[in-house]
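Colleague: If you scroll down you'll find the structure; I have some questions about it.
In this note's numbering, the protein residues as written are 56 to 739.
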């Protein structure tokens, strides 16, 4: 046994025995003090009268009256002795009458009160509620002992009279009858208060007991922890036991405790090498190996399956949480042809909105697409979006999606035009139908803004890891699977044409990757490329890792970029120059996202994305996800929060919670809120 444990054991033992010993040392001197004070108090006074003042007791019995005692003297009307009075046998015990002018000794107040209580002049046997109403004591004016009158045997018993009491001063000078310890004695008390003796055994006993008690407590609660801290360093893995393991020598597994990194993630996946050769560290993973997980609101710490119709893209399905679960080590999203909320299809959307976000890094998901390359019409997606907009909640995205802009100019205006409809190219081409950037860099001071200041432009950019579709070609093979990897931005370039020069935008392998001809519409500008994929990555038979590497730096915005990956290989890259300023449309640089982004996985069906070939589509169709992993560069601050100080979201969401929790609200005004004023467009 180590020295620290031996010392700790003896300190604990000593303190255990010191406590009762200390209490005994405290109680014993207190008892000695009580005895000491008792010796200072006068002895109890006798209850009998002094010889010169004793009065014979009158025996009384209800119904008849006994003869007076031989020691009782009766008084005649003249005050002389009766002839029938017996001879006095003990003159010293007979009270002097009024004719006998013996001097009365001065009564001690304490003695007088005690004697009156003993005789019944003061107490339960005296007064209007006495237990013996036949008594008729008449108090003497001088406060002496009461004289008892006895009725003659031949006379009828007199009617009982109301007993009368004598006002007695409250315990002369506040004396206490029942406890002489409490009787104040100024002289004695002052003398005791002034007395002090350095050699007092009682005082030293008290002090010693307190010292022992205090020493034991300090040794137990201060000394032992300090000794253990310096002589026995704690384990590197804390939280299990003092020795780092349990009693069997095994490290316990804490179940049902959420961790950002799934313990099933292999060690080989803890590092990732980026496009520029930098090493990334794993910061989040979910392997989905737990069977039968559910994702209803509140079921999972990181994911929630929504319950709504995704109307913005004219989807044909209702997203229901029951369509999302885990099976055989995979996340499974099922699209079924069943009626739900008057829609013909039911599917699922899983999102980490306001639960798990990341700012910059690399995200990778291993996915097997639904159906087969010959089944045209499914819309599986894996994408990210800024936390200030909640997917499917239209009120939250109005004026926010897909803005990624921090300039105060024409780009923040509704439709990207001024009040006089300039610039002409923007107006005549119907470039934008957006209502303007809701929380722009032009926001008036003191207005409704998420921060960190009203001069900072905020928005909800969207980065798509993949959106899968099928290319139909007249030449064999007629059907080829593709993935669209895109960045949705606002405001727009003229004709929504981004800078696709190779100096700004790079395609890694032009034989399988090409720019997407679709560049958006009046509600978004799409910076996108299409990449062919292997036909085996469908229906759960094979999986391909898809990812995106995203970097941005608010202090050096020119260094930002996004690189996409398909089947583990780089496909194409967008830089800050890709979406730089455009003199034709009058907008400044759009930003590589600086917002905290959350993840979304869904399986939809919509003619706005690709037409449906119902003759070949098979239901139910399932989208499988083997894992999701997020990596970040070492030293990134506040990289895994939805509310970073540089781009806060929590307060703004809480202050507009109705919009963020009611999917039936399609506009900001329906939620009861208004756009803040734009200082450049309509003044403050």
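Note that CB positions come from ideal geometry on N, CA and C, so glycine has one too.
Quick caveat, the model's predicted, so the values are computed rather than measured.
(1) Count the other CB atoms within 10 Å of the CB of residue 520; is the residue buried (16 or more) or exposed (fewer)?
(2) Jot down the residue ranges of each uninterrupted beta strand (DSSP E) in the region 336-403, minimum 3 residues, whole runs only, in chain order.
(3) Assess, as a yes-or-no matter, whether the region 675-689 is touched by the region 416-424 under the definition of 3 or more beta carbon pairs within less than 8 Å.
(4) Taking all protein chains shown into account, do 16 or more other C-beta atoms lie within 10 angstroms of the C-beta of residue 372, making it buried, or fewer, making it exposed?
(5) Taking the alpha helix (DSSP H) that residue 705 belongs to, which residues open and close that run?
(6) Out of 257, 349, 515, 341, which one is the CA nearest neighbour of residue 456?
(7) How many angstroms separate the CA atom of residue 476 from the CA atom of residue 730?
(8) Give me the residue from 598, 527, 411 with the minimum Cα distance to residue 439.
(9) Could you tell me the distance, in whole angstroms, from the CA atom of residue 408 to the CA atom of residue 358?
(10) Got a sec? Which residues, its chain only, sit under 7 Å from residue 625 by beta carbon, not counting five neighbours each side?
(11) Tell me the residue span of the beta strand (DSSP E) that contains residue 683.
(12) Is it true that the CB of residue 571 sits closer than 7 Å to the CB of residue 583?
(13) Look at residue 511 and residue 459 and say whether their C-beta atoms are less than 7 Å apart.
(14) Spell out the partners DSSP gives residue 740 in its beta bridges.
(15) For residue 450 and residue 670, which I take to be in contact (beta-carbon distance under 8 Å), what is that distance rounded to the nearest angstrom?
(16) Consult DSSP for residue 621 and reduce its assignment to one of helix, strand or coil.
(17) Should residue 629 be labelled buried (16 or more other beta-carbon atoms within 10 Å of its own) or exposed?
(18) Apply the 10 Å Cβ neighbour rule to residue 508 and answer buried if 16 or more other Cβ atoms are within range, or exposed otherwise.
(19) I need the DSSP call for residue 282, collapsed to helix, strand or coil.
(20) Indicate, with yes or no, if the ligand GDP has a heavy atom lying under 6 Å from the CB of residue 455.
(21) Taking the beta strand (DSSP E) that residue 263 falls in, what are its first and last residues?
(22) Within a Cβ cutoff of 6 Å, which residues of the same chain sit near residue 386, ignoring the five residues on either side of it in sequence?
(23) Can you tell me which of the three DSSP states residue 189 falls into?
(24) Mapping DSSP to helix, strand and coil, what is residue 465?
(25) Quick one: give me the first and last residue of the beta strand (DSSP E) that residue 559 is part of.
(26) If you reduce the DSSP assignment to three classes, tell me which class residue 629 lands in.
(27) Could you check the C-alpha separation between residue 432 and residue 444 for me, to the nearest Å?
(28) Given residue 661, which residues of its chain have a CB within under 7 Å of its CB, disregarding the five upstream and five downstream residues?
(29) Should residue 646 be labelled buried (16 or more other beta-carbon atoms within 10 Å of its own) or exposed?
(30) Where does residue 498 sit, in a helix, a strand or coil, going by DSSP?
(31) Are the region 521-536 and the region 574-593 touching, with three or more C-beta to C-beta distances below 8 Å?
(32) Going by other Cβ atoms of all chains shown within 10 Å of its Cβ, with 16 needed for buried, is residue 250 buried or exposed?
(33) If you follow the alpha helix (DSSP H) that residue 449 is part of, which residue opens it and which one closes it?
(34) Return the residue from the list 361, 243, 347, 349 that minimises the CA-CA distance to residue 715.
(35) May I ask which residues mark the beginning and end of the beta strand (DSSP E) holding residue 519?
(36) Assuming residue 568 and residue 585 make a contact with CB atoms under 8 Å, what is their CB distance in whole Å?
Modeller: This is what the structure holds:
(1) buried
(2) 372-374, 379-382, 385-390, 400-402
(3) yes
(4) buried
(5) 705-710
(6) 515
(7) 21 Å
(8) 411
(9) 8 Å
(10) 330, 563, 618
(11) 676-687
(12) yes
(13) no
(14) With the chain running from 56 to 739 in the structure shown, residue 740 is simply not present.
(15) Going by Cβ atoms, the distance from residue 450 to residue 670 rounds to 39 Å, so no, they are not a contact pair.
(16) strand
(17) buried
(18) exposed
(19) helix
(20) As for the ligand GDP, it is missing from this structure, which has no ligand bound.
(21) Counting along the chain, residue 263 falls outside any beta strand (DSSP E), though it belongs to the alpha helix (DSSP H) covering 256-273.
(22) 343, 680
(23) Low per-residue confidence applies at residue 189: pLDDT is 48, beneath 50, and the placement is therefore not dependable enough to give any value.
(24) helix
(25) Looking at the DSSP string, residue 559 is not in any beta strand (DSSP E), and its letter there is neither H nor E.
(26) strand
(27) 27 Å
(28) 368, 369, 370, 371, 434
(29) buried
(30) strand
(31) yes
(32) exposed
(33) 449-452
(34) 361
(35) 517-527
(36) 7 Å
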